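Encoded as structure tokens, the structure appears first; notes follow it.
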Amino acid sequence: MRIGELADATGVSRRLLRYYEDQGLLHPARLANGYREYSDADATAVRHIRALLTAGLPTATIAQLLPCVHDENGRMVPSSCPTTIARLRQEQSRITGAITRLRTAQQALDSILATALHRLGPLPANPAPPRA
DNA sequence: ATTCTCACA
DNA sequence: TGTGAGAA
């Protein structure tokens, strides 16, 4: 299938499918005219890619893990091999750490703002949301 | 319709 | 991580 068909089949834009190839996530064959030719397995792969991105994994990591995953009636199942599980646990702890750092930043900012508001007293209006 | 590259959020 | 535009 060509890129437009895969885009329609997966709901992922053609642009993004080319990007995934650039990131080493997909390896479509090439027709004589240079057009990409995707297999049916690629459609499944795209769903797995989406699932792993949603789980917060970077594309470089997904490129490594994708071959270590298979599909079981529409469900992504990671291989039980120890290195695969270890990699997923590693990502899990990375995200946990990130959440902790964000919580710390949130509390610090809450505290700074609370101090400012305490000194200024009650204010009439809200500040505009940060743009940049 | 598809390819690639440059630039940008 | 993901997109738009422009040229081929």
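Taking full-length UniProt numbering as reference, the numbering of the first sequence is continuous, increasing by one, and the terminal residue is 132.
Ideal placement from N, C-alpha and C gives every residue a C-beta, glycine not left out.
Please read these numbers as outputs of a predicted model, since none were measured by experiment.
Item to check | Simplified DSSP assignment, three categories, for Ala60 | outcome: DSSP, reduced to helix, strand and coil, places Ala60 within a helical segment of the structure shown.
Next on the checklist: Less than 6 Å between C-beta atoms, sequence neighbours within five positions excluded: which residues of the same chain meet that for Val12?
Outcome noted: Answer for Val12: Val46, listed in chain order.
Checklist entry - Going by the CB atoms, is the gap between Leu6 and residue 162 shorter than 8 Å? => result For residue 162 there is no data in the structure shown, the boundaries of the chain being 1 and 132.
Checklist entry - Heavy atom of the ligand FMN less than 7 Å from the Cβ of Thr104, yes or no? => result The ligand FMN is absent from the structure shown, which contains no ligand whatsoever.
Checklist entry - Alpha carbon to alpha carbon, what distance is there between Pro58 and Ala108? => result It is roughly 28 Å from the alpha-carbon of Ala108 to the alpha-carbon of Pro58.
Item to check | Endpoints, beta strand (DSSP E) assigned at His27 | outcome: Note, His27: premise wrong, no beta strand (DSSP E); not H, not E.
Item to check | Spatial distance of Val69 from Ser79 (CA atoms) | outcome: Whole-angstrom Cα-Cα distance: 5 Å.
Checklist entry - In or out: Tyr20 buried (at least 16 other Cβ within 10 Å) or exposed? => result Buried, because 16 or more other Cβ atoms sit within 10 Å of the Cβ of Tyr20.
Checklist entry - Near Leu25, what residues of its chain come up, given a Cβ to Cβ distance below 7 Å and the 5 sequence neighbours on each side ignored? => result The residues are Ile49, Thr59, Ile62, Ala63, Leu66.
Item to check | Straight-line gap, Asp71 to Tyr35 (C-alpha atoms, nearest Å) | outcome: Cα to Cα, the separation comes out at about 27 Å.
Item to check | Span of the alpha helix (DSSP H) around Val12 | outcome: For Val12, there is no enclosing alpha helix (DSSP H), as DSSP gives it neither H nor E.
Item to check | Beta-carbon gap between Pro28 and Asp42 smaller than 8 Å | outcome: Yes. Within cutoff.
Checklist entry - Three-state secondary structure (DSSP) at Arg36? => result Strand, per DSSP.
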